[in-house]
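In our numbering, the protein residues as written are 2 to 203.
Built from N, CA and C at the ideal position, the CB exists for glycine as well.
Below is one structure, written out as structure tokens; the observations come after it.
In structure tokens form, the structure reads like this:
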């Protein structure tokens with residue numbers, strides 16, 4: 002039986018990790034989980050978000066960014082919003098509504114519904130390994146849940162998160178069994194993280 006697409010994706014990601022680390026001397030540095038994490042909130046193609054304009058129901062709706070990075074907004078027309086943060090999109094729409102004299106003092110807010118342009122990868126001893134959409138304020142425990150939970154062979158407290166910080170690949174230890182019991186704080190994820198659950202050694 003030929004390998005499934007999911008297994009091919011997982012194998013590809015694992016191969017890229019191995020290639021990046023190279024020999025033992027070039028293994029990524031292991032660090033403690035940061036106390037705080039500055040999230041990249043910029044939006045990209047296929048991400049969806051709500052626009053709310055105070056007291057203007059006809060201008061309030063849900064939008065999905067097209068592959069070319071644009072949305073079609075009432076009165077304004079097609080505008081490019083990819084690589085902008087939610088607050089930047091809100092300010093831009095408000096500015097255009099004011100410039101076009103559609104509203105005198107528009108109060109616009111933008112709330113992200115789903116990031117499809119950003120991904121995380123959960124591999125190893127989980128029931129459904131694969132690639133999943135990143136969600137704002139996502140944690141390592143939530144990522145394991147998305148992947149169906151641990152298998153019976155999982156070494157839960159040896160879970161690792163491979164992350165790029167300032168262009169450098171690092172490894173963060175995640176003692177997920179302790180986190181689940183409230184004995185350690187949960188760890189916030191960022192887009193592009195690779196969560197790996199190793200097998201227990203008997």
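| Just the Cα atoms here: how many angstroms apart are residue 87 and residue 111? | 5 angstroms
| Buried or exposed: where does residue 186 fall if 16 or more other Cβ atoms within 10 Å of its Cβ makes it buried? | exposed
| said: Whole angstroms are fine: how far does the CA of residue 169 sit from the CA of residue 136? | reply: 23 angstroms
| Contacting residues, own chain, Cβ-Cβ under 6 angstroms from residue 195 (five flanking each side not counted) | 122 and 163
| said: Taking a contact to mean a Cβ-Cβ separation below 9 angstroms, would you say residue 77 touches residue 101 in this structure? | reply: yes
| task | Give me the Cβ distance between residue 197 and residue 150, rounded to the nearest whole Å; I'm assuming they're in contact under 8 angstroms. | result | Residue 197 to residue 150, Cβ: 15 angstroms. No contact.
| task | Drop a sphere of 10 angstroms on the beta-carbon of residue 154, count the other beta-carbons inside from all chains shown, and report buried for 16 or more, exposed for fewer. | result | exposed
| task | Look at the Cβ atom of residue 174, then the Cβ atom of residue 83, and state whether they are nearer than 9 angstroms. | result | no
| 6 angstroms CB neighbourhood of residue 53 in its chain, flanking five on each side removed | 61 and 110
| Which residues in the same chain have their Cβ closer than 6 angstroms to the Cβ of residue 201, if we skip the five residues on either side of it in sequence? | 154 and 156
| request: Would you kindly check if the distance between the Cβ of residue 120 and the Cβ of residue 103 is under 9 angstroms? | output: no
| query | If we call anything under 9 angstroms between Cβ atoms a contact, is residue 90 one with residue 55? | reply | no
| request: Please check the pair residue 181 and residue 141, which I expect to be a contact at CB under 8 angstroms, by giving their CB distance rounded to whole angstroms. | output: That pair is no contact at about 10 angstroms.
| field | Cα-Cα separation, residue 190 to residue 73 | value | 31 angstroms
| Backbone CA spacing between residue 105 and residue 57 [nearest angstrom] | 12 angstroms
| said: Once the 5 residues before and after residue 207 are set aside, which same chain residues still bring their CB inside 7 angstroms of it? | reply: Lying before the first or after the last residue shown, residue 207 is absent from the chain, which here runs from 2 to 203.
| message | Can you tell me whether residue 22 is helix, strand or coil according to DSSP? | response | Only weak support is given to the placement of residue 22: the predicted model assigns it a pLDDT of 45, under 50, and the question is left unresolved by the model.
| query | Of all the options 67, 69, 66 and 75, which has the alpha carbon lying nearest to the alpha carbon of residue 59? | reply | 75
| Host alpha helix (DSSP H) of residue 146 (start-end) | 141-147
| In terms of DSSP beta bridges, what is residue 53 paired with? | 110
| query | How about residue 171 and residue 30: are their beta carbons less than 9 angstroms apart? | reply | yes
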